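Residue numbers (the numbering used here): 20 to 245. A quick write-up on the structure given underneath.
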């Protein structure tokens, strides 16, 4: 047993031993408390209206071929496999050569463990994608077609802000712009001012703003006559 602890606390296995304890603790909480798989997901803290397409840690995992499942599951698989391979390699190279040779072999074991963990996790992620349903990532384009309320004194081709409410009930302040052709002034009701309602009809990715147009919501239909 002492040899096992010596190997687990020696380089490079020690780099993953403490991470493995964190993984074990997390899944113990999941089983005992019923915490969701994605409670510590790297993308779970994305606010309403944030554009997270391809960004964040989830985007890194997807680019590495490890996307499609909760980040906690992917990280757990990576750490477990890297720990097992590094522990096995540490045992095999123990006592081989002098200090310099042993250090070189230990570094080689580290890279081999990382490569094996990535390859093994990628292999397991493929069937796991069928278990976890895919959820569309939030995008700023989700606001297109929604109503908003102007929060600045005016709105023009280069200035303006509005408050928009997402489908989940959360609200966000976004940058809005109004085409010059619509700026006929407040006299005819075409100019957007503070408190005006507008319709978001397009998103400008380059300018990171929304194009809006004046829009008055129709009054509610009267109930049936009694």
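C-beta: ideal position from N, C-alpha, C; glycine also. The structure displayed is predicted, hence computed values, not measured ones.
Shown here for residue 164: same chain residues with a beta carbon closer than 8 Å to its own, the five before and five after excluded, namely 218, 219 and 220 in chain order. Collapsing the DSSP output to three states places residue 212 in a strand.
With respect to the 7 Å criterion, residue 49 and residue 151 are not classified as neighbours on the basis of their beta carbons. Beta-bridge annotation (DSSP): residue 221 is paired with 230. Looking at the DSSP output, residue 100 bridges to nothing.
In the three-state reduction of the DSSP assignment, residue 191 falls in the strand class, which pools E and B.
Counting along the chain, residue 140 sits inside the alpha helix (DSSP H) bounded by residues 118-147. Note that the C-beta distance between residue 104 and residue 122 is not below 7 Å. Leaving aside the five residues that flank residue 214 on each side, the residues in its chain whose CB is nearer than 8 Å to its CB run, in chain order, 168 and 169. A check of alpha carbon separations from residue 135 across 145, 115, 102 and 92 identifies 102 as the nearest. For residue 182, the pairing in a beta bridge is given by DSSP as 168 and 192. Listed as beta-bridge partners of residue 173 by DSSP are 212. DSSP places residue 22 in the helix class (H, G or I) of the three-state scheme. DSSP places residue 108 in the helix class (H, G or I) of the three-state scheme. In the structure shown, residue 44 adopts helical secondary structure according to DSSP, grouped into three states.
In summary, residue 32 is buried, with 16 or more beta-carbon neighbours lying within 10 Å of its beta-carbon over all protein chains present.
Exposed is the label assigned to residue 149, since fewer than 16 other Cβ atoms lie within 10 Å of its Cβ.
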